[in-house]
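J.:
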């Protein structure tokens, strides 16, 4: 492959709990004069999926406990926010003023369990990561197949930081219909050297590319 095409689905609405993502994508693609083809890949922002799956927590409904109060004192964060983060985490990896790194319930090592308050309607509302992003991707893929006759690969995309690097980059937190890794072990390079540890993160690379269009 020497090239590929990226484009954004236009005029998608703000999503709310219970909305049908696949229906909206299919309808908006049709309005644009586009159609899904075999081999297409649909990359969807995590925040949309979290909203549709009602992974939204009003902080006023959260009651901090002793652990949350202690971590809040260390980090300088709101105890209600800390409690919501801890409830969606397996363990605290690192905490210091202004920073809370945890192992989120799905296994992600990230700041604030991947939860944030951006692009969410309402005051003091927190959006959590989907409970099972692979399952979310599979549901959307099945819905698109039902509506269009084509089952594209689907990637759920989120912005994550990287150790010892400034800035965030889009990564795949869930996918369906494509292998997330290209295992190149056993292949040979240009000079006949056998690759012994090469695995390319295809889903992450596609997520990062799509992030350029997501705004």
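In our numbering, the protein residues as written are 550 to 764. C-beta: ideal position from N, C-alpha, C; glycine also. Every value quoted in this text rests on a predicted model; they were computed, and no experiment measured them.
Does the beta-carbon of residue 762 have 16 or more other beta-carbons within 10 angstroms, so that it is buried, or is it exposed?
T.: Burial call: exposed.
J.: Output yes or no for whether 8 Å exceeds the beta carbon distance between residue 722 and residue 657.
T.: A contact, by the Cβ cut-off of 8 Å.
J.: Is the beta carbon of residue 678 closer than 8 Å to that of residue 606?
T.: Cβ distance not < 8 Å, so residue 606 and residue 678 don't count as in contact.
J.: Suppose contacts are defined by Cβ-Cβ distances below 8 Å. Is residue 589 in contact with residue 701 by that definition?
T.: Contact: yes.
J.: Excluding five sequence neighbours on each side, which residues of the same chain lie with their C-beta closer than 8 Å to the C-beta of residue 670?
T.: Counting only Cβ-Cβ distances below 8 Å, and skipping sequence neighbours, we find 563.
J.: Taking the continuous beta strand (DSSP E) assigned at residue 594, which residues delimit it?
T.: Its beta strand (DSSP E) spans residues 590–594.
J.: Can you name, in chain order, every residue of its own chain whose Cβ lies under 8 Å from the Cβ of residue 642, other than the five neighbours on each side?
T.: Hits under 8 Å: 650, 651, 652 and 658.
J.: Assign residue 692 to one of three DSSP states: helix, strand, or coil.
T.: Helix, per DSSP.
J.: If we define contact as Cβ-Cβ less than 8 Å, is residue 713 a contact residue for chain B?
T.: Included in the structure is just one protein chain, with no chain B present.
J.: Going by alpha carbons, who is nearest to residue 756 out of 729, 689, 684 and 668?
T.: Comparing Cα-Cα distances from residue 756 to each of 729, 689, 684 and 668, the minimum goes to 729.
J.: Just to confirm my understanding: we take residue 623, look at its own chain, exclude 5 residues before and 5 after, and list those with CB closer than 6 Å. What are they?
T.: Closer than 6 Å at the Cβ level, and outside the excluded window around residue 623, lie 644.
J.: Ordered along the chain, which non-local residues of its own chain (more than five positions away) have a Cβ less than 6 Å from that of residue 566?
T.: Once the five neighbours on either side are set aside, the close Cβ partners of residue 566 are 603.
J.: Under a Cβ-count criterion, where at least 16 other Cβ atoms within 10 Å of its own Cβ denotes burial, should residue 586 be classed as buried or exposed?
T.: Residue 586 comes out exposed.
J.: What number of angstroms, rounded off, separates the C-alpha of residue 556 from the C-alpha of residue 663?
T.: Roughly 26 Å between the two C-alpha positions.
J.: By Cβ distance, which residues of its chain are closer than 6 Å to residue 737, with the 5 residues on each side in sequence left out?
T.: These residues qualify, in order along the chain: 743.
J.: Under the assumption that residue 577 contacts residue 558 (Cβ atoms under 8 Å), give the Cβ distance between them as a whole number of angstroms.
T.: Right, the Cβ-Cβ distance comes to about 5 Å (below 8 Å), so this counts as a contact.
J.: Once DSSP output is grouped into helix, strand and coil, what is the label at residue 760?
T.: Here residue 760 sits in helix by DSSP.
J.: Provide the residue span of the alpha helix (DSSP H) that contains residue 612, from first to last.
T.: Unbroken run through residue 612: none, as it is neither H nor E.
J.: Output the distance between the C-alpha atoms of residue 776 and residue 579, rounded to the nearest integer angstrom.
T.: There is no way to answer for residue 776, as the model of the chain reaches only from 550 to 764.
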